[in-house]
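Enquirer: Each number in our numbering corresponds to the 1-based position in the sequence shown with 1 added.
C-beta: ideal position from N, C-alpha, C; glycine also.
First the structure, which I've put down as structure tokens, then a few questions once you've had a look.
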Amino acid sequence: MAQHVRGVVAKSKGAPVTVETIVIPDPGPGEAVVKIEACGVCHTDLSYREGGINDEFPFLLGHEAAGRVESIGEGVVDLEVGDYVVLNWRAVCGVCRACKKGKPQYCFDTHNAKQPMTLEDGTELSPALGIGAFVEKTLVAAGQCTKVNPEAPAKVAGLLGCGVMAGLGAAVNTGQVGRGDSIAVIGCGGVGDAAIAGAKLAGATTIIAVDTDPKKLEWAQEFGANHTVNPKEEDTVEAIRSYTDGNGADVVIDAVGHPETYKQAFYARDLAGTVVLVGVPYPDMMSPEIPLIDYFGRGGALKSAWYGDCLPSRDFPMYVDLYLQGTFPLDKFVTEETTLDGVEAAFDKMHKGEVLRSVVIF
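Below you can see the structure in the form of structure tokens.
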């Protein structure tokens with residue numbers, strides 16, 4: 002029998018979100034219903050509200066979530082009712098060309114639940130990143146449920162579902178930061194700070210944080226940055242070079258996703274260094290004008306991080322365990338706890354740079 006629950010919906014571009022009654026169908030083949038315990042407020046949700054992702058309104062927002070499996074559909078064999086899970090938005094197919102090559106983290110045919118969730122009048126909802134977790138219960142593909150150690154509180158474990166994993170993975174998986182490396186991170190919100198924390202975990206010795214907000218630079222230092230750069234006060238490229246013996250960083254991560262910050266990242270890396278784009282550009286943004294000879298002459302690699310190139314079944318449990326061991330500071334990302342009714346206010350605080358992560362607690 003379908004269930005009626007409360008959830009946060011963006012009905013039109015730029016309009017304040019509202020809390021609505023959401024109809025959740027029973028899980029069909031390969032699906033699961035998850036009772037949400039906590040969900041982080043990510044900038045991607047704000048981008049959905051602002052029409053920066055697509056125009057498939059209305060959206061059921063929320064995606065950085067952890068909770069308990071309440072029911073499963075036919076054919077689900079790797080989940081049980083009661084399992085404690087972090088939701089992911091890339092359920093791998095297992096049969097596409099990437100999966101067959103043994104690289105499921107690049108799966109080209111990821112999937113979500115087949116059945117729609119709706120408003121009471123039958124209007125179908127577009128769940129953010131195929132999840133939709135600012136809601137008491139949600140319907141997802143069973144492969145979107147990643148089991149983790151239940152000793153980790155949902156308010157921290159759920160953050161691995163998007164922003165933290167995107168930044169952490171951009172440094173460790175995509176950028177392949179290693180012991181003794183130097184790294185610069187441009188943009189020190191939740192994703193950028195996760196990249197900094199990941200670089201520290203991987204053994205980087207020179208970690209440079211770049212942001213125009215002094216408060217964010219302070220947060221970056223708490224996660225492991227040992228140098229800070231404010232572009233309002235000094236040239237970003239020259240400052241990064243000054244902290245790397247004049248050479249540039251081994252890895253530069255653009256966690257903003259803007260043509261100007263990408264250009265800075267390109268020129269702030271060492272010869273044969275790596276640039277990783279993890280900040281999501283708006284669709285109308287164009288590549289910066291860089292002479293083709295500079296691409297050739299500087300060598301190295303220019304990469305984009307897809308979900309931090311993570312494999313949820315491998316990475317989520319590992320980083321939850323590292324958190325429980327006191328090695329990875331997931332709890333530092335949580336600035337405040339709020340409710341479904343506080344999501345619009347949380348968006349405003351995030352836009353103003355007042356919080357690192359607000360988390361909706363159920």
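(1) Any idea what DSSP makes of S305, helix, strand or coil?
(2) For Y85 and I37, what's the separation of their Cα atoms in angstroms?
(3) Taking Cβ to Cβ, would you say A256 is nearer than 8 Å to V192?
(4) According to DSSP, is D122 helix, strand or coil?
(5) Around the C-beta of A196, are 16 or more other C-beta atoms found within 10 angstroms, so that it is buried, or is it exposed?
(6) E125 to P59, Cα distance in whole Å?
(7) Determine the contact status of E152 and V24, defining contact as a CB-CB distance below 8 Å.
(8) Determine the direct distance from the alpha carbon of L331 to that of L218, and round the result to whole angstroms.
(9) Please classify V230: is it buried, with 16 or more other beta-carbons within 10 angstroms of its beta-carbon, or exposed?
(10) State the CB to CB distance for the pair V321 and L161, rounded to an integer number of angstroms; the pair is presumed to be in contact (CB under 8 Å).
(11) Going by other Cβ atoms of all chains shown within 10 Å of its Cβ, with 16 needed for buried, is L272 buried or exposed?
(12) Can you grab the Cα-Cα spacing for the pair E57 / S127, in whole Å?
(13) Pick helix, strand or coil for E261, following the three-state DSSP scheme.
(14) Just checking my contact of S1 with A33 at CB under 8 Å: how many whole Å lie between their CB atoms?
(15) Alpha carbons only, please: which of D310, V78, F297, E21 is nearest the one belonging to V277?
(16) Considering only the alpha carbon of each residue, which of V344, G31, G41, K304 lies closest to G176?
(17) Could you give the first and the last residue of the continuous alpha helix (DSSP H) run that contains D214?
(18) For T139, is the classification buried or exposed, using 16 other Cβ atoms within 10 angstroms of its Cβ as the cut-off for buried?
(19) With DSSP as the reference, label F288 as helix, strand or coil.
(20) Quick check on K201: does DSSP put it in helix, strand or coil?
(21) Label K216 either buried or exposed according to how many other C-beta atoms from any shown protein chain fall within 10 Å of its C-beta, with 16 as the threshold for buried.
(22) Expressed to the nearest angstrom, what Euclidean distance is found between the alpha-carbon atoms of E234 and Y263?
(23) Got a sec? Which residues, its chain only, sit under 6 Å from N248 by beta carbon, not counting five neighbours each side?
(24) What does the alpha-carbon distance come out to for the pair G74 and I132?
(25) Just curious, the alpha helix (DSSP H) that I241 is in, first and last residue?
Expert: Based on what the coordinates show:
(1) Mapped onto the sequence shown, residue 305 falls at position 304. S305: strand per DSSP, three-state reduction.
(2) Here the question's residue 85 lines up with position 84 in the sequence shown. Here the question's residue 37 lines up with position 36 in the sequence shown. Distance between the alpha carbons of Y85 and I37: 10 Å.
(3) Position 255 of the sequence shown, counted from the start, is the residue given in the question as residue 256. Position 191 of the sequence shown, counted from the start, is the residue given in the question as residue 192. V192 is positioned such that its CB atom lies closer than 8 Å to that of A256.
(4) On the sequence shown, position 121 is the one that residue 122 refers to. Correct three-state label for D122: coil.
(5) Looking up residue 196 in the sequence shown gives position 195. A196 is buried by the Cβ-count criterion.
(6) Indexing the sequence shown from 1 puts residue 125 at position 124. Indexing the sequence shown from 1 puts residue 59 at position 58. Taking the straight line from one Cα to the other gives about 8 Å.
(7) Here residue 152 corresponds to residue number 151 of the sequence shown, with the count starting at 1. Here residue 24 corresponds to residue number 23 of the sequence shown, with the count starting at 1. At the C-beta level, E152 and V24 stay beyond 8 Å of one another.
(8) Position 217 of the sequence shown, counted from the first residue, corresponds to residue 218. Position 330 of the sequence shown, counted from the first residue, corresponds to residue 331. Roughly 18 Å between the two C-alpha positions.
(9) Walking along the sequence shown from the start, residue 230 turns up at place 229. Flag for V230 reads buried.
(10) As a position in the sequence shown, residue 321 is number 320, starting the count at 1. As a position in the sequence shown, residue 161 is number 160, starting the count at 1. So it is a contact: roughly 7 Å between Cβ atoms.
(11) Residue numbering aside, residue 272 sits at position 271 when the sequence shown is read from its first letter. Only exposed fits L272, as fewer than 16 other CB atoms lie within 10 angstroms of its CB.
(12) The sequence position of residue 57 within the sequence shown is 56, counting from 1. The sequence position of residue 127 within the sequence shown is 126, counting from 1. Between E57 and S127, the C-alpha separation is close to 7 Å.
(13) As a position in the sequence shown, residue 261 is number 260, starting the count at 1. Note: E261 maps to helix in three-state DSSP.
(14) Any answer about residue 1 is impossible in this case: the structure gives the chain only from 2 up to 363.
(15) The residue given as residue 277 occupies position 276 in the sequence shown. Among D310, V78, F297, E21, the Cα nearest to that of V277 belongs to D310.
(16) By 1-based counting over the sequence shown, the position of residue 176 is 175. Measuring from the Cα of G176, the nearest candidate turns out to be K304.
(17) Start at 1 with the first residue of the sequence shown, and residue 214 comes out as number 213. Where D214 is concerned, there is no enclosing alpha helix (DSSP H), given that its DSSP letter is neither H nor E.
(18) For the purposes of this step, residue 139 is taken as the residue at position 138 of the sequence shown. T139 comes out buried.
(19) Within the sequence shown, residue 288 is the residue found at index 287, counting from 1. What sits at residue 288 in the sequence shown is Ser, not Phe. The answer is coil: DSSP assigns S288 none of H, G, I, E or B.
(20) Indexing the sequence shown from 1 puts residue 201 at position 200. Secondary structure of K201 (DSSP, three-state): helix.
(21) Numbered from 1 along the sequence shown, position 215 holds the residue referred to as residue 216. Here K216 is exposed: its Cβ has fewer than 16 other Cβ atoms, across all protein chains shown, within 10 Å.
(22) Counting from 1 along the sequence shown, the entry for residue 234 is found at position 233. Counting from 1 along the sequence shown, the entry for residue 263 is found at position 262. E234 and Y263 have their C-alpha atoms spaced approximately 19 Å apart.
(23) Walking along the sequence shown from the start, residue 248 turns up at place 247. If we look at N248 and ignore the five residues flanking it on each side, its Cβ neighbours are D271.
(24) Against the sequence shown, residue 74 aligns to sequence position 73. Against the sequence shown, residue 132 aligns to sequence position 131. Inter-residue distance for G74 and I132 is about 17 Å (C-alpha atoms, whole angstroms).
(25) As a first step, residue 241 must be located in the sequence shown, where it is residue number 240. 237–243 is the extent of the alpha helix (DSSP H) around I241.
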